[in-house]
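*Asks:* Going from the sequence shown to this note's numbering is simple: count from 1 and add 7. A virtual CB, placed ideally from N, CA and C, is assigned to each residue, including glycine. Predicted model, so just to flag it, every value in this text is computed and none were measured. Here you go, one structure.
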Amino acid sequence: MAELNGMQGNEIADDYKRKYVPQGRWRDTWDVFKSNFFKLVLLNIFVLITFAPGIAIVYVRANYVTNMGLIYPFNSSVLYPYYTDVRGLSERVIISADLLFYSLLFVAGFIASLGISGSAYCIRKLILTHGEFKVKNFFHGIKVGYFNTVVPVTLFILFVFGSILIGDWKDFVIATGGNAAGAITAYVFMIIATVAAGLYLAWVFSVGVSYRVKLKYLIKNSFALLIGTPVQTVFIAGFALIPVWFMFGGGFWMIISYVLFIFFGFSYILLVWLSFSQWAFDLFITPNLKAEKEAARAQKSEKELLAEKAEEDRRVARELLAAGKSELIARPIMPIEDGSSPKCLGYTFTRAEISSAAESREKLGEDIAAYEKQHAGDSVYVEYNKMFAEREKALSTPDDKKGKKKKISSDNLLK
């Protein structure tokens with residue numbers, strides 16, 4: 008995979024610090040969805056409001072085409088001889104309507120980008136902090152991510168608009184009896200181009216709302232991420248668009264789709280896609296960070312490297328000494344087995360029982376000493392004691408008031 012430039016250290020996280028993900032990315036995302044459901048519903052309402060103009064345009068266009076169907080003479084056999092040939096008339100009406108109404112979607116896209124950019128910032132914050140959210144984060148997300156949202160949204164609308172018009176042209180050619188081979192081929196290629204552009208622009212959106220990068224790096228990195236995860240991208244895109252697929256089912260399934268979009272459909276799409284994007288960022292950016300560290304290390308002198316190693320050893324020693332030397336690790340401990348515990352005295356006992364209990368305790372002590380002597384040379388204990396001795400020796404300590412070296416312990420380590 009190509010190197011991702013300009014992204015390391017430029018993550019957009021202005022009012023939060025990223026927390027460690029204790030489990031898998033998708034398990035973590037499911038937990039975020041369950042524990043922050045009402046926050047996602049609220050964000051979905053914000054997005055739905057900004058999508059209202061686009062929804063209104065599609066609805067008015069549909070009504071316009073229906074009403075035109077009641078006015079125009081599409082049945083030539085009934086109206087003969089006044090309209091002898093109306094082939095393609097319906098298709099021309101649809102082309103005219105699509106040119107008029109769908110061109111307005113570009114303006115609607117500018118408005119919808121407000122909700123998308125604001126919610127994207129909030130949902131990334133939910134993913135990376137496991138629940139932190141404030142309404143003002145939505146408006147901050149618009150401020151920092153609107154431009155990088157409106158550009159891919161507008162370009163995607165352009166591809167969709169082109170697909171619709173070419174599809175209308177194809178229908179018109181077929182209706183008028185022309186050679187439809189070229190129109191069908193153009194339509195198929197335009198659909199493929201729209202899908203490919205949609206996947207690429209989705210990565211442009213993810214990178215743009217997640218990192219502050221220059222335009223050339225935004226274009227390059229988005230392409231690299233698409234090429235680096237082709238199968239995953241297609242699968243996750245399909246999974247994220249489940250609410251959209253319900254629309255194609257018609258009837259009951261379309262009603263389900265409407266309900267999903269009203270309550271959490273938009274938030275669901277953003278949550279799934281941004282979680283996947285974060286997985287890819289973690290996968291590909293972390294190795295780059297390691298490579299940069301290795302490159303920086305190669306440029307340092309031997310003296311600098313020794314100084315760094317000494318400082319690292321001192322830090323580890325401080326942590327180790329502060330915790331204290333553990334007797335459970337420093338020497339062998341005989342495991343408890345059946346019959347190894349000493350005899351216990353009851354509420355009443357005789358002198359003979361006292362003597363027997365003392366003997367059993369003495370025998371247990373001998374067994375413990377024998378076990379410790381037998382296993383004292385085991386590598387686990389030798390290595391631990393050796394490490395602790397080296398850390399203790401390597402850590403220099405200040406003199407006390409009498410000029411003597413202070414004994415290193417967890418009590419005086421940080422004094």
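1. From the DSSP output, in three-state form, read off E18 for me.
2. Write down the C-beta distance between I173 and Y207 rounded to the nearest angstrom, noting that I regard them as a contact closer than 8 Å.
3. Using beta-carbon positions only, say whether F117 and V157 come within less than 7 Å of one another.
4. Hey, could you find the ends of the alpha helix (DSSP H) G138 is sitting in?
5. Hey, L225 and G215: beta-carbon distance below 7 Å or not?
6. Could you compute how far the alpha carbon of V85 sits from the alpha carbon of L111?
7. Taking all protein chains shown into account, decide if F44 is buried (16 or more other Cβ within 10 angstroms of its Cβ) or exposed.
8. Quick check on R131: buried or exposed, where buried means 16 or more other Cβ atoms within 10 Å of its Cβ?
9. Grab the span of the alpha helix (DSSP H) containing K41 for me, first residue to last.
10. Near P159, what residues of its chain come up, given a Cβ to Cβ distance below 6 Å and the 5 sequence neighbours on each side ignored?
11. Give the DSSP-derived three-state secondary structure of Y23 in the structure shown.
12. From Y23 to S217, what does the alpha carbon distance come to, in whole angstroms?
13. Going by Cα to Cα distance, which pick from F53, F196, K143 is closest to W270?
14. Do G95 and F179 come within 7 Å of each other at the CB atom, strictly closer than that value?
15. What does Y218 pair with, by DSSP beta-bridge criteria?
16. What are the boundary residues of the alpha helix (DSSP H) that includes S367?
17. Taking D105 as part of the alpha helix (DSSP H), name the residues at either end of that continuous run.
18. Out of E18, K143, V142, state which residue places its alpha-carbon closest to the alpha-carbon of R219.
19. Is there contact here, the segment 145 to 153 with the segment 119 to 129, by at least three beta-carbon pairs under 8 Å?
20. What distance in whole Å lies between the Cβ atoms of I56 and G122, which are believed to be in contact at a cut-off of 8 Å?
21. Assuming contact is defined by CB atoms lying nearer than 7 Å, are P250 and L232 in contact in what I supplied?
22. Could you check the C-alpha separation between P60 and W252 for me, to the nearest Å?
23. On the premise that A314 lies in contact with V279, defined as a C-beta separation below 8 Å, what is that separation, rounded to the nearest angstrom?
24. Look at S124 and G152 and say whether their C-beta atoms are less than 7 Å apart.
*Replies:* This is what the structure holds:
1. Reading the sequence shown from its first residue, position 11 is the one you call residue 18. Strand, per DSSP.
2. Stepping through the sequence shown from its first residue, residue 173 is reached at position 166. Stepping through the sequence shown from its first residue, residue 207 is reached at position 200. Not quite, the Cβ-Cβ distance comes to about 20 Å (not below 8 Å), so this is no contact.
3. Taking the sequence shown and counting its residues from 1, the one referred to as residue 117 is at position 110. Taking the sequence shown and counting its residues from 1, the one referred to as residue 157 is at position 150. Yes; because the gap between Cβ atoms is below 7 Å, this pair is in contact.
4. Translated into positions along the sequence shown, residue 138 becomes position 131. Taken as a continuous stretch (DSSP letters only), G138 belongs to no alpha helix (DSSP H), as it is neither H nor E.
5. On the sequence shown, position 218 is the one that residue 225 refers to. On the sequence shown, position 208 is the one that residue 215 refers to. Result yes, Cβ atoms of L225 and G215 sit closer than 7 Å.
6. Taking the first residue of the sequence shown as 1, we reach residue 85 at position 78. Taking the first residue of the sequence shown as 1, we reach residue 111 at position 104. Because the pLDDT of V85 is 48, which lies under 50, any placement of that residue in the model is unreliable, and the number read from its coordinates should be weighed accordingly. Taking the straight line from one Cα to the other gives about 36 Å.
7. Numbered from its first residue, the sequence shown carries residue 44 at position 37. Answer is exposed; the Cβ neighbour count stays below 16.
8. Numbered from its first residue, the sequence shown carries residue 131 at position 124. Burial check for R131: the Cβ neighbour count within 10 Å reaches 16 or more, so the residue is buried.
9. Here residue 41 is taken as the residue at index 34 of the sequence shown, counted from 1. First-last of the alpha helix (DSSP H) with K41: 32 to 42.
10. The count along the sequence shown starts at 1 and reaches residue 159 at position 152. Taken in chain order, the residues that qualify are L208, V211, F212.
11. Here residue 23 refers to the residue found at position 16 when the sequence shown is read from its first residue. Coil, per DSSP.
12. The residue you call residue 23 lines up with position 16 of the sequence shown. The residue you call residue 217 lines up with position 210 of the sequence shown. One C-alpha to the other measures close to 13 Å.
13. Position 263 of the sequence shown, counted from the start, is the residue given in the question as residue 270. In the sequence as presented, Trp is not what sits at residue 270; that position holds Phe. Ranking the options by Cα distance to F270, first place goes to F53.
14. For the purposes of this step, residue 179 is taken as residue 172 along the sequence shown, with counting starting at 1. For the purposes of this step, residue 95 is taken as residue 88 along the sequence shown, with counting starting at 1. It is a contact, given that the beta carbons lie within the stated cut-off.
15. Walking along the sequence shown from the start, residue 218 turns up at place 211. The partner list for Y218 (beta bridge, DSSP) reads E18.
16. Walking along the sequence shown from the start, residue 367 turns up at place 360. It spans 358 to 382 - the alpha helix (DSSP H) in which S367 sits, taken as one unbroken run.
17. Residue numbering aside, residue 105 sits at position 98 when the sequence shown is read from its first letter. It spans 96 to 109 - the alpha helix (DSSP H) in which D105 sits, taken as one unbroken run.
18. Along the sequence shown, one-based indexing puts residue 219 at 212. Answer by Cα proximity: E18.
19. yes
20. For the purposes of this step, residue 122 is taken as the residue at position 115 of the sequence shown. For the purposes of this step, residue 56 is taken as the residue at position 49 of the sequence shown. Indeed they touch by this definition, with Cβ atoms about 7 Å apart.
21. Start at 1 with the first residue of the sequence shown, and residue 250 comes out as number 243. Start at 1 with the first residue of the sequence shown, and residue 232 comes out as number 225. Contact flag unset, no.
22. Within the sequence shown, residue 60 is the residue found at index 53, counting from 1. Within the sequence shown, residue 252 is the residue found at index 245, counting from 1. One C-alpha to the other measures close to 22 Å.
23. Your numbering for residue 279 matches position 272 in the sequence shown. Your numbering for residue 314 matches position 307 in the sequence shown. Their Cβ separation, rounded to whole angstroms, is 47 Å, which puts V279 and A314 out of contact at 8 Å.
24. Counting from 1 along the sequence shown, the entry for residue 124 is found at position 117. Counting from 1 along the sequence shown, the entry for residue 152 is found at position 145. Cβ atoms of S124 and G152: closer than 7 Å.
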